[in-house]
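Asks: Please see the structure below; I have some questions.
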Amino acid sequence: MKNISITLIALCTTLLISCSQKKSGEDKDYYKVDIAIDETFRPIIEEEMRVFNAKYPEAIPAPRYMPETDAINLMLKDSVRMILSTRPLSQQETDAIFASYKLKVRYKPIAYDAIALIINPENKDSLISVSELRSIMTGKITQWKQLQHATSNGNIEVVFDNANSSTVRYIRDSICGGTQLKGNMKSAKTNEDVIKYVAQTKNALGIIGVDWLRNTNDSTNLTFNRKIRVMSVSRSTVTEPSNSYQPVQYYIATGDYPLTRCLYMITTDPRTRTMGLNFYYFVSDQAGQLIITKSSQLLPYMPVHVKEVVSD
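In structure tokens:
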């Protein structure tokens, strides 16, 4: 009888330990916020994660920053179930995920981004048209003096962040109509490197997501990083100061700034409750949208009205 009791106690202990270990593993997965993100959007996601983590201290942030193409490929292989992308998945990609893993794709638009064109502070050629940009990216314009309001000489040195980034895809597909990019171009690997290269290179033309240029000392979000100059871009073929605009939130909202795109949160997580899904909804709801309004150069997808209350 004594031996039976000891055996039962040992068995119960083993089961408790096993259940505890299983629960621990499930909890860790539940609390983990695993998301693959184009490196272009590191600044705003870091801020969203910071505020989200303050609200949910038990959450385990696990952002992975990489080129957009790599993030999408991870989702197609079911190696990650949440990504931040400048395009929704195609019907073919959505069908492939369901066929392989029986997972449905959900997405939410969360913001409008702008592609900024940056130049060295010594370069005074601050106006450019979309058609001129297209000609630069297809190798038809190679020198600064070929621009309408040119005051500079020398070859234009175009610099991107990464060949597989959303920025390169936008220029190729949305500006150049899918035409192969040509000309004097280089990859700087990261957005910080793009800014650094342009700040040090007089003839450089940097192509970069606007949120990397935010002047953190300006709460109005109307000025940019002072190490570089931000060009004003015109839809018109004839550029003038009156029809050329910089990528500030107001001109993104009015549609005057032409180089814009939508930003999406995409998930294939079939569960109904996880910290990852909490973050998915947090960014698209009012709290997350207010962070975009106040702490980035992006334009929130949801209209956010901020009223100042003055006490007597």
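Each residue of the sequence shown is one higher than the one before, starting from 5 at the first, in the working numbering.
We put the CB at the ideal spot given by N, CA and C, even for glycine.
1) Considering only the beta carbon of each residue, do T171 and T44 sit closer than 7 Å?
2) Looking only at its own chain, which residues have a Cβ that is under 6 Å from the Cβ of Q250, when we skip the five neighbours before and after it?
3) Per DSSP, what kind of secondary structure is A291 in: helix, strand or coil?
4) Starting from F164, trace the beta strand (DSSP E) in both directions and tell me its first and last residue.
5) Mind reading off the beta-carbon distance from F102 to F283? Whole number of angstroms is fine, and I expect it under 8 Å.
6) Among all the DSSP beta bridges, which residues are the ones paired with F228?
7) Do P113 and Y268 have their beta-carbon atoms positioned less than 7 Å apart in this structure?
8) Taking DSSP as the reference, what is the three-state secondary structure of G280?
9) Do I87 and I256 come within 7 Å of each other at the CB atom, strictly closer than that value?
10) What is the C-beta distance between N124 and A208, in whole angstroms, given that I count them as a contact (C-beta under 8 Å)?
11) Cβ atoms of P304 and A115: under 7 Å apart, would you say?
12) For R110, which option in D117, D74, Q290 and D99 has the closest C-alpha, if you only look at C-alpha atoms?
13) Can you tell me where the alpha helix (DSSP H) holding S104 begins and where it ends?
14) Sort V287, Q152 and P274 by Cα distance to K128 and report the nearest one.
15) Output the boundary residues of the beta strand (DSSP E) element that contains P67.
16) Buried or exposed for Y174, going by 16 or more other Cβ atoms inside 10 Å?
17) What residue from V37, Q253 and R54 has the CA that sits closest to D215's CA?
18) Taking DSSP's pairing of strands, which residues face S191 in a bridge?
19) Might you give, ordered along the chain, the residues of its own chain that have their beta carbon closer than 6 Å to the beta carbon of I39, omitting 5 neighbours on each side?
20) Mapping the DSSP letters down to three states, classify S135 as helix, strand or coil.
21) So which of E62, A120 and R138 has the shortest CA-CA distance to Y179?
22) Specify, as a first and last residue, the run of the alpha helix (DSSP H) that S170 falls within.
23) Spatial neighbours of R46 within its chain, please: CB distance less than 7 Å, with the 5 preceding and 5 following residues excluded, ordered by chain position.
Replies: In short, the structure shows the following:
1) yes
2) V234 and S236
3) helix
4) E161 to F164
5) In fact, because the Cβ distance is near 23 Å, the residues do not count as touching under 8 Å.
6) R218
7) yes
8) helix
9) no
10) 6 Å
11) yes
12) D99
13) Q95 to Y105
14) Q152
15) I64 to M70
16) buried
17) Q253
18) F164
19) P67 and M86
20) helix
21) Sequence inspection shows Ile at residue 179; the Tyr mentioned does not correspond to that position. Looking at the Cα atoms, R138 is the closest of the given residues.
22) S170 to Y174
23) Y69
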